[in-house]
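**Student:** This structure is in structure tokens; I'll ask about it shortly.
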Amino acid sequence: MLKTRKRRLPHLDSEAFRTALIDWYESNRRELPWRRTNDPYRIWISEIMLQQTQVKTVIPYFERFVQEFPNLAALRRASEPEVLSLWQGLGYYRRAKNLLVAAKIAKSVPQSYSELLELPGIGRYTAAAIASIAFGERRAAVDGNVERVISRLCCIDASASKLKRNCESVSQGAMGDANPGDWNQALMELGATVCRPFEPQCDKCPVAKFCKANQTATQSKYPIAKPTAKPKKLVHACVCPVHKGKVGLCKIASGQWWAGMWEFPRTEVDTTETPMTAAERLGFADLQGLLIVKHSVTQYSITLHSFVARAKKQKRELSWFSQDAIAELPMPAAQRKVADALKHAVIST
DNA sequence: GACTCGTGGCT
DNA sequence: TAGCCAAGAGT
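The structure is reproduced here in structure tokens:
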């Protein structure tokens, strides 16, 4: 069934390599909140939050999330807005939506790789990570860190998706009788702290003598980088309508960025108009400039111009909230910055 | 296989 | 600083 050509890598499939890696991990592993527990639920939450997100960023979100939803039963009872509120600022909000869907599907955290794979939001990496860390299943988990570590160890010239399968095969074959959870985490930890993208700390690497890239001084060549496009520039304008102490917002429709979250009425600014002209197109007058926020969404870099408008009445197509209520709404990061600025502006006037 | 989806850390 | 990148998954 496995079409992957069996790769013989005696220099990695050895007790010496495993011992060097695991010993290093046991004395250098960072103390992280999700490492203080064997609770499969918490390990699941951490792995979802860690997708494409740095450890440092995740920590406070993880702490708040498991405090609010300490187990699967508690999460299952949550609503999507509640989960999105706890997730706001973390990005990739589909993760939060899929997590909630998965929690409602699963009676308990699935204990095997194949069962985990069936849940929405859980792919090859995450299923392998949870299965190995929480349940000891012998399954290689390959994330960006592991791809970098193994592509350097073996000087693998493959790129993109081929590299991932390739590294899975290598890791699986080299795991031997090591503890699967420790094995996977050791490779990731090594990639995150020593075998970094730039300026790898090879002098501190426990497996440097096994590394072909180190031997040939080609660390910077691996993994093979894919060409990146220049971000496209966009300009957006939004208006914070204020009327009798309330502020008007709208819920973002499905199919758009940040679907299901809340924002101030927003529009694109055409190259032929000014931000204020575009903002007036939203149906407001007497605009006062509030804040300019620069943010980005993958290949777009966006400049968001925000304005305050004293509305004559509360437009019915908007929902009107007090400042305190706005604090509870799930909002995109840039919009949250505008909301914070508005709060201070209103207080100071 | 190539795109899409967020945000902040780091250099 | 501008750009790269992060414990990826879904389509």
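According to my numbering, the first sequence holds residues 143 to 491 in order. Cβ coordinates follow ideal geometry from the N, Cα and C atoms, glycine included.
Do Ala476 and Val381 have their beta-carbon atoms positioned less than 8 Å apart in this structure?
**Tutor:** no
**Student:** Which of the three DSSP states, helix, strand or coil, is assigned to Ser448?
**Tutor:** strand
**Student:** Would you check if the distance between the CB atom of Pro383 and the CB atom of Phe426 is smaller than 8 Å?
**Tutor:** yes
**Student:** Measuring alpha carbon to alpha carbon, tell me which residue in Leu295, Ser313, Pro365, Ser156 is nearest Ser301.
**Tutor:** Pro365
**Student:** So does the stretch 355-371 actually touch the stretch 424-438, counting three or more Cβ pairs closer than 8 Å?
**Tutor:** At 8 Å Cβ cutoff, the stretches do not touch.
**Student:** Relative to the alpha-carbon of Met418, which residue among Ser448, Ala162, Glu405 has its alpha-carbon at the smallest distance?
**Tutor:** Ser448
**Student:** Indicate the three-state DSSP secondary structure (helix, strand or coil) for Val291 in the structure shown.
**Tutor:** helix
**Student:** In three-state terms, what does DSSP make of Thr440?
**Tutor:** Under the three-state reduction of DSSP, Thr440 is assigned to coil, being neither helix nor strand.
**Student:** State the Cα-Cα distance for the pair Arg294 and Leu329, rounded to the nearest angstrom.
**Tutor:** 12 Å
**Student:** Are the stretch 342-355 and the stretch 406-414 touching, with three or more C-beta to C-beta distances below 8 Å?
**Tutor:** no
**Student:** Going by beta carbon distance, what residues of the same chain come within less than 6 Å of Leu471, once the five residues before and after it are set aside?
**Tutor:** If we look at Leu471 and ignore the five residues flanking it on each side, its Cβ neighbours are Trp404.
**Student:** List the DSSP bridge partners of Gln357.
**Tutor:** Gln357 is not bridged to any residue.
**Student:** Going by Cα to Cα distance, which pick from Tyr234, Phe406, Ala271, Ile187 is closest to Arg281?
**Tutor:** Ala271
**Student:** Between Arg266 and Ile394, what straight-line distance do the alpha-carbon atoms span, to the nearest angstrom?
**Tutor:** 31 Å
**Student:** Terminal residues of the continuous beta strand (DSSP E) containing Arg408?
**Tutor:** Taken as a continuous stretch (DSSP letters only), the beta strand (DSSP E) holding Arg408 covers 408-410.
**Student:** Quick one: what does DSSP say Leu484 is sitting in, helix, strand or coil?
**Tutor:** helix
**Student:** From Gln209 to Gln314, what distance separates their C-alpha atoms?
**Tutor:** 35 Å
**Student:** Should Leu332 and Val284 be called a contact, given that it needs their Cβ atoms to be closer than 8 Å?
**Tutor:** no
**Student:** Would you say the stretch 169-183 touches the stretch 204-219, given that touching needs at least three Cβ pairs under 8 Å?
**Tutor:** yes
**Student:** Can you tell me the Cα-Cα spacing of Val349 and Leu163, whole angstroms?
**Tutor:** 7 Å
**Student:** Mind pulling the alpha helix (DSSP H) runs of 4 or more residues that sit fully within the stretch 208-296?
**Tutor:** List check, alpha helix (DSSP H) in window: 214-218, 222-229, 236-247, 255-259, 266-277, 286-296.
**Student:** Below 8 Å CB to CB, which residues in the same chain sit around Cys296 once its five sequence neighbours on both sides are set aside?
**Tutor:** Leu151, Leu154, Val312, Lys354
**Student:** Hey, out of Gln194, Asn180, Ile444, Val488, whose CA is closest to Tyr234's CA?
**Tutor:** Gln194
**Student:** For Gly431, name the three-state secondary structure that DSSP assigns.
**Tutor:** strand
**Student:** To the nearest angstrom, how far is the alpha carbon of Glu189 from that of Gly387?
**Tutor:** Rounded to the nearest whole angstrom, the CA to CA distance from Glu189 to Gly387 is 41 Å.
**Student:** For Tyr442, count neighbouring Cβ atoms within 10 angstroms of its own Cβ and tell me buried if that reaches 16, exposed if not.
**Tutor:** exposed
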